[in-house]
Amino acid sequence: MSFLSLNFSTDLETEMTFYGSYHANATNKLVHFIFVPTILWSGLVWFAHPSFALAQGTVLGDIPLDISFFVALGYALYYIRLEPVAGALYTPFLYFLLYTAHLFRASVPHAVLIATGVHALSWAMQIWAHQVFEKRAPALLDNLFQALVLAPLFVFFEFLFAFGYRPQLHQNLKNKIGVNIAAYRKGLREAKVAAYHAEAEKKK
């Protein structure tokens with residue numbers, strides 16, 4: 003997969019296995035649990051303004067039909083298409099992020115600048131967690147769309163799984179993710195051996 007790959011499917015296990023293969027460490031998961039929502043929220047703040055309206059009118063508590071609304075709507079529809087129950091359960095939280103983004107943009111001076119700082123900090127914390135705990139580059143380096151769009155749903159699924167939601171799906175994901183991680187680590191070992199032999203050949 004390439005950095006700019008925008009392919010996505012409606013196969014839940016395929017999508018979640020890809021993302022989960024980059025997020026197996028418990029501490030890394032915790033960091034993402036905190037900072038994935040702030041990435042989405044700060045992004046919504048950027049476009050939460052009437053000047054970005056794509057249509058006339060307001061909905062759901064006077065939220066304008068701007069770019070941020072359609073972004074949140076797109077997330078909700080995609081999540082519901084992937085998994086109707088989890089997607090429906092996550093939709094109220096998406097509304098909360100959207101509503102508070104508009105409230106923040108309208109009432110806080112320099113809201114965009116602050117949101118940009120939150121956005122940058124959130125990415126920095128996740129990259130740090132990948133380097134220190136996961137010891138693997140973030141998923142965005144393989145598939146940007148999946149990393150950005152699936153991250154909030156994956157974090158939410160971790161929450162649902164902790165309460166026993168869809169145990170068979172949870173087990174299937176753990177099995178597939180385990181296979182992917184084992185293959186990745188095997189590839190690293192083989193690459194190190196190949197590099198060692200190549201260096202030895204140069205010294206002859």
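Convert by adding 2 to the 1-based position in the sequence shown; the result is the number in the numbering used here.
Here a beta-carbon is modelled for each residue, glycine too, at the ideal position from N, C-alpha and C.
Note that the structure is a prediction, hence the values are computed from the model and not measured.
Annotated as proximal: Glu-136 and Asn-30, with beta-carbon spacing under 8 Å. Contact between the segment 16 to 27 and the segment 149 to 156 is present: three or more C-beta pairs spanning the two stretches fall below 8 Å. The shortest CA-to-CA distance from Ala-90 to any of Leu-100, Val-181, Leu-79 and Pro-39 is the one to Leu-79.
For the 8 Å CB-CB criterion, Leu-46 and Val-73 form a contact. Burial is judged here by how many other beta carbons sit within 10 angstroms of a residue's own beta carbon; Tyr-186 has fewer than 16 and is exposed. Taking the CA atoms as reference points, Phe-35 sits about 11 Å from Ile-41. By the neighbour-count definition (other C-beta atoms within 10 Å, threshold 16), Gln-170 is an exposed residue. Under the DSSP assignment, Pro-154 falls in the alpha helix (DSSP H) whose first and last residues are 146 to 164.
Looking at Ser-109, Leu-123 and Val-157, the one whose alpha-carbon comes closest to that of Tyr-21 is Val-157. Between the alpha carbons of Thr-60 and Pro-52 lies a distance of about 10 Å. For Pro-66, the secondary structure class from DSSP, reduced to helix, strand or coil, is strand. By the Cβ-count criterion, Gln-128 is buried, with 16 or more other Cβ atoms from all chains shown falling within 10 Å of its own Cβ.
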